[in-house]
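Okay, structure first, notes after.
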Amino acid sequence: MCQYTSTQTIFTFNVANKVTLTVTFLSPVYPDDLAKQSQQFSYVSAKAVSSDGASHSVQVYMDVSGEWASGDLSQVITWDYNTTDGVSYHTFQRQNQFVFGEAGEIAAWGTWYLATSSGDGLTFRSGFADNVRAQFASNHSLDNTEDVNFRAVSDSWPVFAFSNDLGNVSATQVEVVYTLGIVQDAVISFAGAGDGMTSLPGLWSAFYSNGVDALVAFYKDYPTALTYAQGLDAKVQGDSVAAHSQDYATITTLSVRQTFGGLQFAGTSDKPYIFLKEISSNSDIQTVDVIFPAHPILLYLNPELLKYLLDPLFENQETSGRYPNQYAEHDLGTFPIAKGYPGGNDEAMPLEECGNMIIMALAYANRTGDVAYLATHYTKLSQWASFLVDEALIPATQLSTDDFAGTLANQTNLALKGIIGLKAMGEIALLTGNVDSFGATAEDYLAKWQTYAINTNATVPHTTLSYGDADGHGLLYNLYADKLLGLNFVPQSIYDMQSAFYPTVALEFGVPLDTRHTWTKSDWEMFAAAVASPPTQTMFIHKLATWIGQTSTQLAMTDLFDAGTGGWPQGGPQFKARPVMGGSCALLALP
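For the sequence shown, counting from 1, position 246 maps to 246 in my numbering; every step adds exactly one.
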């Protein structure tokens, strides 16, 4: 049996009808504790209890492969074994460290740790996987030896193992806990306010003197971590059910670790940064239109985290020579090198990113009261808003965040984002004591947008995919920002119209993103659901929860799938494990 919460995946095994073994993978999420969240470790707990009333001798085995240290399996790795302060641990790493390099999305630098408690019943070994595992299978223990033949990952596949003898287990549950994770001194290369590239330390180093100290602190914190995780699990579960239903909790609880797993915490305690990796699509770093769908979970759990994500984007673009375009930058490069685009040759999404940056800046300030943040960045925000004045109403041929669908002119949904962005900029002007030269333009544009964007002659009226395309339609997910910011700007009739329309085009597992494909995006579905009528909201949520239970994709949750089949989008990209699923908390983030 398997079940999951926001922070835990729990497997329960029936061992020969004699012992129940419960294995829990716990990745704590600490939205309000930078020190703990900055550590790149997880726990694995194994608990055994008799299931037949008798006493049984139980041993547990755990290993980790050298494959974790390098996506390039031809690379030589080195390793060691040590014990300190009651904690025993294996270390392993690439012999030739490639700082800020990746292979197959696996970091090519840093030291991996596998740790457990020292003491009676613990044995260890490193060596060829087949031999180490066979020894435990035969002897129910290991021989406390270290392989001294450092070699390539794929050369007699080295593993690093522990065996724990739990003794005679009866009605009282016995537990062993492991910690697995990586320590990296430098984590991001960043083109910020200084000259050239700056090597940013892992934020963990602001709180722990070295990697071993960080490991030991994390391992010994397990009881506290478990209690905290259970509290967060209960919060997300309870809030989701209260906001809608168990179906909704099925979606949100699956998204928490996936979102936080895409975040890298860097810098110092005085100046923390968060960098986001666009996992599985193209490994861009700080992609604005990935932060935007992810940001509702941050507003829900701790809005300060959104500031730490926006800071690198502002810092890069507000530094002379870092970015020449009048519109907002799409990303800062390829993870983990945040060098930006001094030539202005990023993947251009002009309307998309200008709207996103303005909306997210105001969302952060609204939740925290940090108007000074808006004042600090007012010049850059107003520059982007001026671009929207020129371009938002009649969008030129360009990409939106759904770039896999290609460019398109006069995009209805994209125009709405720009118009709402202008209205948001008007609010920013008023909050910061500036003259609002944007709000009236937004109101004028919205009135015109309604004449361009709506197919009033359809059996069920709806917004079009692009202006004048009577046969086209799509998810109007950018409507969400109006409610999120409390602007009360877009007429309720638009919300009601879309709510009535979506069920008429829904497929088995969701509403297609637009008429170019039967594909859908679950993050955008949750944006649309958050501002839909109750029946339509329920439709969106129920279909997505059903998809989670029935999809054939069988990898870490994708945000892009075929709404008809529930499978991968035929002919499209296979996204997986992307932090955009923080958008599942769109309903929880509403004021």
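Beta carbons: idealized from backbone N, C-alpha and C, even for Gly.
What you are looking at is a predicted structure, and each value in this text was computed from that prediction instead of being measured.
Residue i to residue j span [Cα, whole Å]
i, j, result
"Gln-570", "Trp-79", "43 Å"
"Gly-104", "Asp-72", "8 Å"
"Gly-355", "Asp-562", "28 Å"
"Gly-426", "Met-197", "35 Å"
"Asn-366", "Asp-155", "56 Å"
"Leu-388", "Pro-350", "9 Å"
"Tyr-327", "Tyr-4", "42 Å"
"Ala-528", "Leu-306", "21 Å"
"Phe-13", "Thr-515", "45 Å"
"Thr-546", "Phe-509", "7 Å"
"Gly-603", "Ala-530", "Outside the displayed span of the chain (1 to 591) sits residue 603, for which this structure offers no information."
"Ala-242", "Pro-296", "17 Å"
"Leu-609", "Asn-413", "What is shown of the chain runs 1 to 591, which leaves residue 609 out entirely."
"Trp-519", "Gln-498", "19 Å"
"Ala-266", "Gly-202", "4 Å"
"Tyr-495", "Asp-239", "24 Å"
"Thr-459", "Tyr-467", "18 Å"
"Val-15", "Glu-146", "30 Å"
"Asn-82", "Leu-560", "44 Å"
"Phe-92", "Thr-111", "6 Å"
"Tyr-300", "Phe-438", "28 Å"
"Val-60", "Glu-67", "22 Å"
"Ala-363", "Pro-534", "24 Å"
Buried versus exposed call for residue i [16 or more other C-beta atoms within 10 Å across all chains shown]
i, result
"Ser-57", "exposed"
"Pro-272", "buried"
"Ala-481", "buried"
"Asn-131", "exposed"
"Thr-287", "buried"
"Asp-270", "exposed"
"Met-1", "exposed"
"Ser-70", "buried"
"Gly-194", "exposed"
"Ile-200", "The amino acid occupying residue 200 in the given sequence is Leu; Ile does not appear at that position. Under this definition Leu-200 is a buried residue."
"Gln-246", "exposed"
"Gly-582", "buried"
"Val-566", "The displayed chain sequence assigns Gly, not Val, to residue 566. Buried."
"Gly-344", "exposed"
"Asp-346", "buried"
"Lys-36", "buried"
"Asn-210", "exposed"
"Phe-100", "buried"
"Ser-584", "buried"
Residue from the options whose Cα sits closest to the Cα of residue i
i, options, result
"Thr-261", "Phe-136, Thr-518 and Thr-7", "According to the sequence provided, residue 261 is Gly. The question's Thr does not apply to it. Minimum Cα distance to Gly-261 is reached at Thr-7."
"Phe-136", "Asn-149, Val-159 and Leu-114", "Val-159"
"Arg-133", "Glu-146, Phe-150, Ser-163 and Ser-70", "Ser-163"
"Leu-446", "Ala-415, Ile-188 and His-473", "Ala-415"
"Ser-386", "Gly-418, Thr-376 and Tyr-364", "Gly-418"
"Lys-277", "Val-187, Trp-519, Ser-245 and Ala-191", "Val-187"
"Asn-410", "Gly-472, Ala-429 and Thr-553", "Gly-472"
"Thr-558", "Ala-577, Gln-537 and Ala-234", "Ala-577"
"Phe-190", "Glu-102, Asp-311, Pro-303 and Asn-139", "Asp-311"
"Gly-572", "Ser-320, Asp-402, Gly-267 and Ala-363", "Asp-402"
"Pro-342", "Arg-322, Val-460 and Leu-587", "Arg-322"
"Val-406", "Ile-358, Trp-449 and Ala-348", "Strictly speaking, residue 406 in this sequence is Gly, with Val absent from that position. Closest option to Gly-406, Cα to Cα, is Ala-348."
"Lys-339", "Ile-285, Val-371 and Gly-369", "Ile-285"
"Gln-173", "Met-62, Phe-265, Val-19 and Gly-238", "Val-19"
"Lys-423", "Trp-384, Asn-455, Ala-396 and Leu-399", "Trp-384"
"Ser-255", "Thr-268, Ser-522, Ala-532 and Glu-352", "Ser-522"
"Glu-525", "Leu-587, Leu-374 and His-462", "Leu-587"
"Val-290", "Leu-232, Ile-337 and Glu-352", "Glu-352"
"Gly-474", "Lys-483, Pro-223 and His-462", "His-462"
"Asp-33", "Ser-437, Phe-207 and Gln-95", "Phe-207"
"Asp-143", "Asp-185, Val-460, Gly-127 and Thr-432", "Gly-127"
"Leu-309", "Thr-536, Thr-551 and Ala-361", "Ala-361"
"Leu-431", "Ala-375, Glu-102 and Ser-382", "Ala-375"
"Pro-293", "Ser-400, Pro-324 and Gln-230", "Ser-400"
Problem - Stretch pair the stretch 75-88 + the stretch 111-121: three plus CB contacts closer than 8 Å - result: Contact between the stretch 75-88 and the stretch 111-121 is present: three or more C-beta pairs spanning the two stretches fall below 8 Å.
Exercise for the section: Check whether the stretch 298-316 touches the stretch 327-334, counting contact only when three or more Cβ pairs, one atom from each stretch, lie closer than 8 Å. Expected result: Contact holds: three or more Cβ-Cβ distances are below 8 Å.
Practice task
State whether the stretch 479-491 contacts the stretch 503-515, with contact taken as three or more CB pairs (one from each stretch) at a distance under 8 Å.
Solution key: Too few Cβ pairs lie closer than 8 Å, so no.
Problem - Length-filtered (4 minimum) alpha helix (DSSP H) runs lying within the stretch 497-559 - result: The DSSP assignment places complete alpha helix (DSSP H) segments of no fewer than 4 residues inside the stretch 497-559 at 522-530 and 534-550, in order along the chain.
Problem - Touch test, the stretch 163-172 against the stretch 49-63, Cβ-Cβ under 8 Å, three pairs minimum - result: Judged by Cβ distances under 8 Å, the stretch 163-172 makes contact with the stretch 49-63, as three or more pairs qualify.
Exercise for the section: Tell me, please, whether the stretch 234-252 touches the stretch 539-547 by the rule of three or more beta-carbon pairs shorter than 8 Å. Expected result: Touching, per the Cβ criterion.
Exercise for the section: Report the residue ranges of all beta strand (DSSP E) runs contained in full by the stretch 315-380; include only those spanning at least 3 residues, in chain order. Expected result: Counting only unbroken stretches of 3 or more residues, no beta strand (DSSP E) element lies wholly within the stretch 315-380.
Handout entry: Continuous alpha helix (DSSP H) assignments of at least 4 residues falling wholly in the stretch 238-271
Key = Runs of the alpha helix (DSSP H) inside the stretch 238-271: 246-260.
Exercise for the section: For the stretch 283-319, list the alpha helix (DSSP H) runs that are entirely contained and at least 4 residues long, ordered along the chain. Expected result: Entirely contained in the stretch 283-319, the alpha helix (DSSP H) runs reaching 4 residues are, in chain order, 288-301 and 304-317.
Problem - Complete beta strand (DSSP E) runs within the stretch 96-138 (minimum length 3 residues, chain order) - result: Counting whole runs of 3 or more residues, the stretch 96-138 contains the beta strand (DSSP E) stretches 111-117 and 122-128.
Practice task
Please list the segments of the alpha helix (DSSP H) lying wholly inside the stretch 164-232, counting only runs of 4 or more residues, in order along the chain.
Solution key: If we require 4 residues or more, the alpha helix (DSSP H) runs fully inside the stretch 164-232 come out as 211-220.
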